[in-house]
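Chains as they are written, first to last, in this note's numbering: chain V, 338 to 1086; chain Y, -15 to 141. C-beta atoms are modelled at their ideal positions from N, C-alpha and C, and glycine is treated no differently.
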Ligand code: FES
Ligand code: FES
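Here's what the structure looks like:
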C-alpha cells in the first residue's frame, strides 16, 4: 500500500538548495497543533478570524485581467468587510468548494457574480444575526458597515472578529438577501491589484518562480514541423553536459492540444537543461505537412473562397438581393497566424508520487487542466491536485494545459518534482496560434445607401477541428460576424453572431486544412472578423456618402426588435451597442474637424456580453507617397459598457492594455510558416509594440450601469485595428484589408 | 572551475558554476532570487534587467564571468520611489515585466531626475510589456520623479 500523501502538507513551504527562500503558493497548510484560533468559514470562499482578518479565495487565476482583486471585492462588498483587513489567496482546485475553475471567455464576472455575492451576503447575515442575538435586539434594528455591526438605537458596535464564536453557532443562510447596488461603497472604486506589493518587490508569484526541494529542471525538444514525431534520439552529447541528469522521451497524446511528442532533458538548473537540449541529436519524422508555407495556406484560402462553401446561416434571399442592388461592394480580407507571446514563457512544475500528481503552475483552467494531466498520466482525475499560480500573461495561450501535461509526464518518468521551462523560441515556434484565414464579403446597397444584402464567406482554419471538439469546424470561427434578424435567429450565442437589421444575410464557411497548431487568441475570431466587418462598414459609409455613426445605428436597430434571448442573463442589446457608439463619437469629437494634419477613425464591436466603441485621432507621415509611412496615434477615446463596474482601475487598465495589444498586433503581428514550421523565434522577428509606439493618450469612458457585470479582458482588442484602418483610409485613401499593416508599408511611432 | 565573487543586494556571494552561465540563471536557480525574470534570453525584452555597478543591464546575456568583483542589485534589493509610484498607480497587469521596468526606471531617474515624456519613452523603449501598461508606466515614472524630488520622499518597503 502506498503512503498517503496529504495535499495539505504538500508544498507548504520549501527552501532552495542554497537556502532562504520560502514559497507557499497558496496550498493550505496543516492546521497548527494545540489551541487553534477560532475562525468562521461558512463556505469555501471566505474565512473570518477572531482578529478581524478576512481571507478570501479567488477561485479563478489572475493573468493580469485583475480577477484576483475583482472577485474578492464582490464578496467584500456584500459582506461589508473592511477591505484593508482582507487577504486574498489563489484557490487550489477543489470542485466541492469552488465548482468549475478557470479564467476564459471574459467569463469570471458574468459567471461568478452570484457565487461571490451569495458567499459575502451569507457572511454578513451570520454576523448581523449574531450581533442582534448578543444584544437581544431585533435583527432588523442592526446594520453592517466596514467590518462592524452597528445598533443605531443604542449606539453599540461590535467588530466582526468579536462575532466569530456566536456567528459560528448560527445556521448558514441558504438564500441571503443581496445589498442594493445604490449602497455599494467598494464596487466601482479604484482598487490596486492585491499582488501589487509582491510584484514591486520581486516576490515569487509566478509558475516559473516555483522552487521545491530536490526539484529538477527540464527543457523539451519538439519536432520543428507541426505534427512531427520522434524517429530516433542520440542523447550521448546531451548527457555529457554538466548538470544534465536524464533524457526522457515523451510519446505525445492523440489529442495534440493535450501533449505533443518530444524529448525532455532533465538537469540541475534551467541553463543546464537548455544546454543539454541543444546538444541532443533527434531524428524527426516530419509528417504530412513538411512542405507547408504561408503562401500555400493563402493559396488554399483563395481557392476555397471561390467555392460555394457550406451555408451556416441564411435569412432572405441574398443572391437575388445582390443582383438587384444599386451597388455591390465585393472585398477580400486576410488574417495571419498570431502567437500569444505571454511574457512569462511556457512552464509548469509537477510532482508525481505515491499515485498522486501535484501541479503548481500558470494554469488558466484548473479544472480542464486536471483532466488533461489525468489523461496523459493515467491517474484518476481526483488524484491530480492543481494549484494555479499568478500567470505572467495568458491571452488565450493558457486555456490549454499542455505544459502541465509535459511537466507531469516528465516528473512521472523522473520520480520527483520537475519544472519544465520553455525558451522564447519554444514559445513562439510551438504555440497554438490564432488561426489564419480569409473572408470574402459582398454587400448590396440600394440607391438611398441602405444595406440590403450581406454575404460573408469565411475561409478560416478551425481551432475547433484542431482541438477535436464536438460540433462543426466553423463553431469557433464565426464570432463577431453578422447574422440577419428573423423570427428564428436572434443573437446566436453558440456562434456569437451579431443580429443586424439587414433583410438578406448569408454566412458561408470553408475549412482550409493545415498542420499548424491552433488555439484561442484573446477575443478569438472577433479580432479578424471585427476588422473585416468594421472597416467594410466604414467603406460603405464613405462610398454612399453616409455618416459612419448613422449607418451603424440603422443596422443595430433596437432591443425591442429582437426575438427573446432565452436564458442568457446578459442578452445582446442593440440599445447598449448604440449608446457606446454615441458616447465614443461624442467624447472623441468624431463629428468635429480634427486638428490640422490629423484624421479620426471610428469602430465598434460586441464581444462576450460587453460593448465597446473607439474613436482614434492619428496622423500619417508622409500623407502621400511611398512606404514606409509612420502612423502616430495621438489619442484613443474608448467607450465601454460592461454592466456594473467592479474595479474601475482594473477596467481602465484592461481597456488601455487591450487597445495597445490590438494596436501592436495590427501593425506588426504575424507568424510566418515555412517548410512546415514557424519562422519567428524571438522578439527581434516577432515584433511587439514598444513604449514609444503606444498612443499618446487613451481615455476610457464607461456607460453608468447597474446591470450584471460582464467581462472586459477582451472587448477593447477587436475595436482598435479597424478604427485605425478607417482613419488611415481617411488620411491616405488606402483601404487596408489585412494585418499586419507593416506589410502594406505602415509603421507606428 | 574558477570561483566568481560578486556582491548581490549588498551580500557577498562566491559562486562556482560555469562562468559562461548567464547571470540571470545564477540569480534564479543558484541564489534563489527569482524576482529577476526570464522573458526572451536574447536581450530583446528587458524582463531580466538588473543593476550592475549601478547600470541597468540585461542579466540574460551577461555571462557570470563578467560580473566577477562587481555589485549587482536585483528587484529584491531595490528600495526606490519607483516602487511606491508603481503601487500608487496600479501599473501592473500580469506584472511579469514589471521587475525589469522598475529596474530600468530607477536607473533612468538616476541619470535624468525629471525626464520629459520623450525621455521616458526613449529610456523605457527596451522594456516590453506584453499587457500594454505603457500609459501607466509613463505616469508612474513622472510620479516617481516627483516623489524623489520632494523632501522626505518615502521609500517603498
Ligand atoms: S530576458 Fe533578458 S532581455 Fe529578455
Ligand atoms: S504587466 Fe504583463 S507583461 Fe507587463
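| the segment 799 to 827 of chain V: positions lying closer than 8 Å to chain Y by Cβ | none
| task | Decide yes or no for the touch test of the segment 946 to 959 of chain V against the segment 1059 to 1079 of chain V: beta carbon pairs closer than 8 Å, at least 3 of them. | result | yes
| Along the segment 1027 to 1054 of chain V, what residues have a CB closer than 7 Å to any CB found in chain Y? | 1027, 1028, 1029, 1031 and 1035
| said: For ligand 1, is there any heavy atom lying closer than 7 Å to the beta carbon of residue 42(Y)? | reply: Checking the 7 Å criterion, the Cβ of residue 42(Y) is within range of a heavy atom belonging to ligand 1.
| Cβ of residue 1049(V) within 7 Å of any heavy atom in ligand 1? | Checking the 7 Å criterion, the Cβ of residue 1049(V) is out of range of every heavy atom belonging to ligand 1.
| With a CB to CB cut of under 7 Å and the five nearest residues on each side skipped, what residues in its chain are close to residue 343(V)? | Note that residue 343(V) has pLDDT 37, beneath the 50 cutoff, so the model's placement of it is unreliable and no number is given.
| Should residue 611(V) be counted as a contact of ligand 1 given a C-beta to heavy atom distance under 7 Å? | no
| task | Name the one or two DSSP bridge partners that residue 492(V) has. | result | Per DSSP, none; premise fails for residue 492(V).
| message | Once DSSP output is grouped into helix, strand and coil, what is the label at residue 836(V)? | response | Residue state for residue 836(V) is assigned as strand, using DSSP reduced to three classes.
| query | Can you find a C-beta in chain Y that's less than 8 Å from the C-beta of residue 397(V)? | reply | no
| Is the Cβ-Cβ distance between residue 785(V) and residue 938(V) less than 8 Å? | For residue 785(V) and residue 938(V), no; Cβs fall outside 8 Å.
| said: For a cutoff of 8 Å on Cβ pairs, would you count residue 990(V) as touching chain Y? | reply: yes
| message | Quick check on residue 474(V): does DSSP put it in helix, strand or coil? | response | coil
| Per DSSP, what kind of secondary structure is residue 606(V) in: helix, strand or coil? | In the three-state reduction of the DSSP assignment, residue 606(V) falls in the coil class.
| Looking at the structure shown, is residue 1069(V) part of a helix, part of a strand, or coil, going by DSSP? | The answer is helix: DSSP assigns residue 1069(V) an H, G or I state.
| message | Taking 8 Å as the threshold (C-beta atoms), are residue 843(V) and residue 647(V) in contact? | response | no
| Which full runs of the beta strand (DSSP E) of 3+ residues lie inside the segment 622 to 658 of chain V, going along the chain? | 647 to 652
| query | Around ligand 2, which residues pass a check of Cβ closer than 6 Å to any of its heavy atoms? | reply | 401(V), 680(V), 730(V), 76(Y), 77(Y), 78(Y), 79(Y), 80(Y), 81(Y), 82(Y), 113(Y), 114(Y), 115(Y) and 117(Y)
| field | Selected residue, minimal CA-CA separation from residue 110(Y), among 866(V), 1020(V), 811(V) and 1035(V) | value | 1020(V)
| query | Thinking just about the alpha-carbon of each residue, which of 874(V), 907(V) and 779(V) is nearest to the one in residue 891(V)? | reply | Ranked by how close their Cα comes to the Cα of residue 891(V), the residues 874(V), 907(V) and 779(V) have 874(V) in first place.
| task | Answer yes or no: the CB of residue 539(V) versus the heavy atoms of ligand 1, is any distance below 7 Å? | result | Taking the Cβ of residue 539(V) as the reference point, every heavy atom of ligand 1 lies at 7 Å or farther away.
| task | Would you kindly report the start and end of the unbroken alpha helix (DSSP H) that includes residue 872(V)? | result | 863 to 881
| field | Beta carbon proximity, residue 954(V) to chain Y, threshold 8 Å | value | no
| Meets three-Cβ-pair contact criterion under 8 Å: the segment 602 to 613 of chain V and the segment 551 to 562 of chain V | yes
| task | Using only the heavy atoms of ligand 1, determine whether one of them is closer than 7 Å to the beta carbon of residue 30(Y). | result | Checking the Cβ of residue 30(Y) against ligand 1 gives yes.
| task | Please list the partners that residue 112(Y) has in chain V, where partner means a Cβ-to-Cβ separation under 8 Å. | result | 680, 1020, 1025 and 1027
| task | For residue -9(Y), return the contacting residues in chain V, with the cut-off set at a CB-CB distance below 8 Å. | result | Neighbours of residue -9(Y) on chain V: none; closest Cβ ~16 Å, over 8 Å.
| said: Is residue 24(Y) close to ligand 4? I mean its beta-carbon at under 7 Å from any heavy atom of the ligand. | reply: By its list of ligands, the structure shown excludes ligand 4, since it contains just ligand 1 and ligand 2.
| query | How should residue 514(V) be labelled, buried or exposed, when 16 other C-beta atoms within 10 angstroms of its C-beta is the threshold for buried? | reply | exposed
| query | Which residues share a DSSP beta bridge with residue 684(V)? | reply | Looking at the DSSP assignment, residue 684(V) forms a beta bridge with 758(V).
| query | Taking C-alpha atoms, which residue in 1082(V), 999(V), 574(V) and 983(V) lies nearest to residue 1047(V)? | reply | 983(V)
| task | Give me the Cα-Cα distance between residue 772(V) and residue 858(V), rounded to the nearest whole angstrom. | result | Their Cα atoms are separated by approximately 9 Å.
| message | Please list the terminal residues of the continuous alpha helix (DSSP H) segment that includes residue 536(V). | response | 533 to 537
| field | residue 718(V) versus residue 953(V): straight-line alpha-carbon distance, rounded | value | C-alpha separation (whole angstroms): 49 Å.
| field | Residue burial classification, residue 291(V) (beta-carbon count within 10 angstroms, cutoff 16) | value | Chain V is shown only over 338 to 1086; residue 291(V) falls outside these bounds and no answer can be derived.
| Would residue 485(V) count as contacting chain Y if we go by Cβ distances under 8 Å? | No, residue 485(V) lies away from the interface with chain Y (no Cβ there is under 8 Å from its Cβ).
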